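One rule links them: number in our numbering = place in the sequence shown (from 1) + 7. Beta carbons: idealized from backbone N, C-alpha and C, even for Gly. Remember, predicted model here, so these are calculated numbers, not experimental data. Presented below is the structure to which this report refers.
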Amino acid sequence: TTLDAHVATYQGPPIVYGFQRVGLGCGIAAPRSLVAAQFGAFWMGNNGFFGYDGSTVTELPCEVLDHVFLNINRQEIRKAWGVSNEASHEVWWFYPSAGSLECDKYVAFDYEEGHWLIGTIDRSAGTEAGAYVDPLWIQSDRVIYRHENGYEHSGVKPFLESGPINLANGDEIMYATSIMQDELLLSTLATAPLTLDVTTRYYPDGTPFAWGPYTLGNPTDVRFSGRQALLKVTAEDGAPWRLGGVKLEYEFGGRR
């Protein structure tokens, strides 16, 4: 419901169904924001995300919570909707951002690895793969898109961007000299290597400093410093690529 979560259990006539409340204060934000996935049910609430594993309801730890709920159109939140992407172990929600009357933003949760994705895209309805080979998601102008197919992005370079990462514990200035990846895979279809851009800060709300771009190898020589860093990897359109866990080689130091 809009307030709590309940489980309905078939009991046969004359009651037919019995109801048991399994969660308090975890109501749903919109009728279509409940998603059934491989490991349970997930939904968007008015100020958070929740999951039900068959026994208990838990609020999902979400590092992008403010990004979503401080920039959502509360008057149109009923249009928010969700869909499962089982092939990648993800649940996606689309919602109208502040000032938009239609769903133009998304937030996705990888329930296998426990991380979140955010971005901008116009999708107002859709269905997961199953009856169809690939997921079909529909734009607000009723154009149907086939997702999770191919590597084309309409000429837009695909990129992967992290959130702010504290270097060490974030209490000392670090000088990075090299970056290594657990895995770096670029298809033979690619016409250009992956590039890395780094944005650092000495304080969370301090002035950002841009470094790079660096051409990714393994390892990659870099030169940047700060207490906090944001990494952005960019590829050419039209080719598959993969990037593993990132490791930094660094030294501690002070500002001069």
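Could you tell me how far apart the beta carbons of residue i and residue j are, in whole angstroms, since I believe they sit closer than 8 Å?
i	j	result
residue 240	residue 250	6 Å
residue 248	residue 203	Actually they do not touch by this definition, with Cβ atoms about 13 Å apart.
residue 4	residue 66	Since the first and last residues shown for the chain are 8 and 263, residue 4 lies out of range.
residue 244	residue 162	6 Å
residue 223	residue 201	4 Å
residue 111	residue 127	6 Å
residue 217	residue 206	6 Å
Give the secondary structure of residue i by DSSP, where H, G and I count as helix, E and B as strand, and everything else as coil.
i	result
residue 183	strand
residue 105	coil
residue 35	coil
residue 27	strand
residue 153	strand
residue 95	helix
residue 18	strand
residue 130	coil
residue 258	strand
residue 146	coil
residue 234	coil
residue 66	strand
residue 201	coil
residue 223	coil
residue 113	strand
residue 246	coil
residue 228	strand
residue 13	strand
Give me the Cα-Cα distance between residue i and residue j, rounded to the nearest whole angstrom.
i	j	result
residue 269	residue 107	Coverage of the chain is limited to positions 8 through 263, which leaves residue 269 absent and any answer about it impossible.
residue 157	residue 22	51 Å
residue 121	residue 37	23 Å
residue 24	residue 189	51 Å
residue 35	residue 13	11 Å
residue 75	residue 182	33 Å
residue 30	residue 135	27 Å
residue 115	residue 73	14 Å
residue 149	residue 109	12 Å
residue 48	residue 27	16 Å
residue 242	residue 191	12 Å
residue 178	residue 140	49 Å
residue 64	residue 225	43 Å
residue 58	residue 85	19 Å
residue 146	residue 39	16 Å
residue 89	residue 42	6 Å
residue 171	residue 229	18 Å
Can you name the residues that DSSP bridges to residue i?
i	result
residue 75	Bridge partners of residue 75: none, in fact.
residue 166	241
residue 49	42 and 58
residue 173	235
residue 118	Answer is none; residue 118 lacks a bridge partner.
residue 188	253
residue 217	206
residue 137	According to DSSP, which records beta bridges pairwise, residue 137 is partnered with nothing at all.
residue 84	DSSP output for residue 84 lists no bridge partner at all.
Whose CA, out of the options, lies closest to the CA of residue i?
i	options	result
residue 142	39, 92 and 30	92
residue 101	14, 70, 61 and 144	144
residue 124	110, 229, 84 and 70	70
residue 185	221, 57, 150 and 62	221
residue 137	94, 231, 39 and 211	94
residue 16	62, 57, 51 and 55	62
residue 213	198, 229, 233 and 32	233
Counting only beta-carbon atoms, is residue i nearer than 8 Å to chain D?
i	result
residue 11	Looking at the structure shown, chain D is missing, and only one protein chain is on hand.
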